[in-house]
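J.:
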Amino acid sequence: MSRYRTSSSPRLINIGFGNIVAADRVIAIVAPDSAPIKRIIQEARERGVLIDATVGRRTRAVVITDSGHVVLSAVQPETVAHRFIGRDVEEEELPDPERPEGFGR
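With this note's numbering applied, the sequence shown covers 7 to 111.
(1) Could you tell me the distance, in whole angstroms, from the CA atom of P38 to the CA atom of V68?
(2) Buried or exposed for Q82, please, with buried defined as at least 16 other CB atoms from any protein chain shown within 10 angstroms of its CB.
(3) Need the endpoints of the beta strand (DSSP E) that A34 sits in, please.
(4) Using only alpha-carbon positions, find the residue among F23, L18, I91 that is nearest to A80.
(5) Sorted by chain position, which residues of the same chain lie with C-beta nearer than 6 Å to Q48's C-beta, five sequence neighbours on each side aside?
(6) What would DSSP say about L100, mapped onto helix, strand or coil?
(7) Nearest-angstrom Cα distance between G92 and I46?
(8) Once the 5 residues before and after R31 are set aside, which same chain residues still bring their CB inside 7 Å of it?
(9) By a C-beta neighbour count over all protein chains shown, 10 Å radius and 16 as the cutoff for buried, is A41 buried or exposed?
(10) Which runs of the alpha helix (DSSP H) at least 4 residues long sit entirely within the segment 70-96? Give them in chain order.
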(Lines of atoms letter the chains of each structure in order from A and count residues from 1; the text may use other names and numbers.)
(Lines give C-alpha, C1' and ligand atoms only; values in the text may rest on other atoms or scores of the structure.)
Protein backbone atom coordinates (compact mmCIF):
# COMPACT_ATOMS: atom_id res chain seq x y z
CA MET A 1 0.00 0.00 0.00
CA SER A 2 1.24 3.49 -0.83
CA ARG A 3 2.47 5.77 1.95
CA TYR A 4 1.15 8.77 0.07
CA ARG A 5 -2.25 10.34 0.65
CA THR A 6 -5.01 8.92 -1.50
CA SER A 7 -8.58 10.03 -1.88
CA SER A 8 -9.58 7.57 0.86
CA SER A 9 -7.10 9.08 3.35
CA PRO A 10 -8.66 11.28 6.02
CA ARG A 11 -8.15 15.03 5.77
CA LEU A 12 -6.29 16.18 8.87
CA ILE A 13 -6.60 19.59 10.54
CA ASN A 14 -3.84 21.17 12.64
CA ILE A 15 -5.41 22.36 15.90
CA GLY A 16 -2.15 23.78 17.20
CA PHE A 17 1.28 22.77 18.42
CA GLY A 18 1.54 19.63 16.29
CA ASN A 19 -1.87 18.27 17.30
CA ILE A 20 -4.26 17.19 14.55
CA VAL A 21 -7.83 15.93 14.22
CA ALA A 22 -9.59 14.15 11.38
CA ALA A 23 -11.72 16.76 9.58
CA ASP A 24 -14.51 14.33 8.73
CA ARG A 25 -15.05 13.60 12.44
CA VAL A 26 -15.48 17.24 13.52
CA ILE A 27 -19.05 18.43 14.13
CA ALA A 28 -18.34 21.74 15.91
CA ILE A 29 -15.56 24.21 16.71
CA VAL A 30 -16.65 26.54 19.51
CA ALA A 31 -15.28 29.02 22.05
CA PRO A 32 -14.96 27.66 25.61
CA ASP A 33 -16.50 30.63 27.42
CA SER A 34 -20.21 29.85 27.70
CA ALA A 35 -21.73 27.85 30.54
CA PRO A 36 -23.13 25.12 28.23
CA ILE A 37 -19.70 24.53 26.66
CA LYS A 38 -18.04 24.48 30.10
CA ARG A 39 -20.61 21.85 31.08
CA ILE A 40 -19.80 19.80 27.96
CA ILE A 41 -16.09 19.97 28.84
CA GLN A 42 -16.74 18.84 32.43
CA GLU A 43 -18.99 15.98 31.32
CA ALA A 44 -16.38 14.85 28.78
CA ARG A 45 -13.72 14.92 31.52
CA GLU A 46 -15.93 12.76 33.76
CA ARG A 47 -16.66 10.27 30.92
CA GLY A 48 -12.97 10.05 29.98
CA VAL A 49 -13.43 11.43 26.46
CA LEU A 50 -11.74 14.81 26.97
CA ILE A 51 -8.51 15.33 25.02
CA ASP A 52 -6.42 18.28 26.17
CA ALA A 53 -4.29 19.43 23.23
CA THR A 54 -3.47 22.84 24.72
CA VAL A 55 0.08 21.90 25.73
CA GLY A 56 -0.45 23.73 29.01
CA ARG A 57 -1.77 26.91 27.41
CA ARG A 58 -5.13 28.60 27.82
CA THR A 59 -8.05 26.86 26.09
CA ARG A 60 -9.27 29.03 23.20
CA ALA A 61 -11.25 26.52 21.14
CA VAL A 62 -13.23 23.36 21.82
CA VAL A 63 -13.52 20.80 19.02
CA ILE A 64 -16.44 18.40 19.33
CA THR A 65 -16.32 15.19 17.33
CA ASP A 66 -18.96 12.76 16.11
CA SER A 67 -17.48 10.07 18.39
CA GLY A 68 -18.32 12.17 21.45
CA HIS A 69 -14.73 13.19 22.10
CA VAL A 70 -14.10 16.78 23.14
CA VAL A 71 -10.73 18.24 22.17
CA LEU A 72 -9.34 21.39 23.79
CA SER A 73 -7.12 23.61 21.63
CA ALA A 74 -5.00 26.67 22.43
CA VAL A 75 -5.73 28.13 18.98
CA GLN A 76 -8.62 30.54 18.33
CA PRO A 77 -11.80 28.92 16.91
CA GLU A 78 -11.58 31.18 13.84
CA THR A 79 -8.06 29.94 13.10
CA VAL A 80 -9.12 26.30 13.40
CA ALA A 81 -12.15 27.00 11.20
CA HIS A 82 -9.97 28.63 8.52
CA ARG A 83 -7.71 25.59 8.54
CA PHE A 84 -10.80 23.39 8.38
CA ILE A 85 -12.06 25.07 5.21
CA GLY A 86 -8.58 25.06 3.72
CA ARG A 87 -7.71 28.76 3.84
CA ASP A 88 -4.19 29.64 4.87
CA VAL A 89 -3.98 31.64 8.06
CA GLU A 90 -0.83 33.58 8.78
CA GLU A 91 -1.77 34.14 12.41
CA GLU A 92 0.82 32.71 14.78
CA GLU A 93 -0.50 30.23 17.33
CA LEU A 94 0.72 32.25 20.31
CA PRO A 95 -0.86 35.68 20.83
CA ASP A 96 1.42 38.66 21.33
CA PRO A 97 1.34 39.37 25.10
CA GLU A 98 2.20 43.03 24.43
CA ARG A 99 -0.92 43.60 22.33
CA PRO A 100 -4.48 43.14 23.62
CA GLU A 101 -6.52 40.69 21.58
CA GLY A 102 -8.25 42.32 18.63
CA PHE A 103 -5.91 45.33 18.37
CA GLY A 104 -3.38 45.92 15.63
CA ARG A 105 -4.76 43.48 13.10
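Even glycine gets a Cβ: it sits at the ideal position worked out from N, Cα and C.
T.: Reading off the structure:
(1) Between the alpha carbons of P38 and V68 lies a distance of about 6 Å.
(2) Looking at its Cβ environment, which holds 16 or more other Cβ atoms inside 10 Å, Q82 is buried.
(3) Counting along the chain, the beta strand (DSSP E) containing A34 begins and ends at 32-36.
(4) Taking only the C-alpha atoms, the option nearest A80 is F23.
(5) Excluding positions up to five away in sequence, the list is empty.
(6) At L100 the pLDDT is 48, less than 50, meaning the model places this residue with poor confidence and gives no usable figure here.
(7) Answer to the nearest angstrom: the Cα atoms are 27 Å apart.
(8) Excluding positions up to five away in sequence, the list reads T71, D72, S73.
(9) Exposed is the label assigned to A41, since fewer than 16 other Cβ atoms lie within 10 Å of its Cβ.
(10) Counting only runs of 4 or more, we get 83-91.
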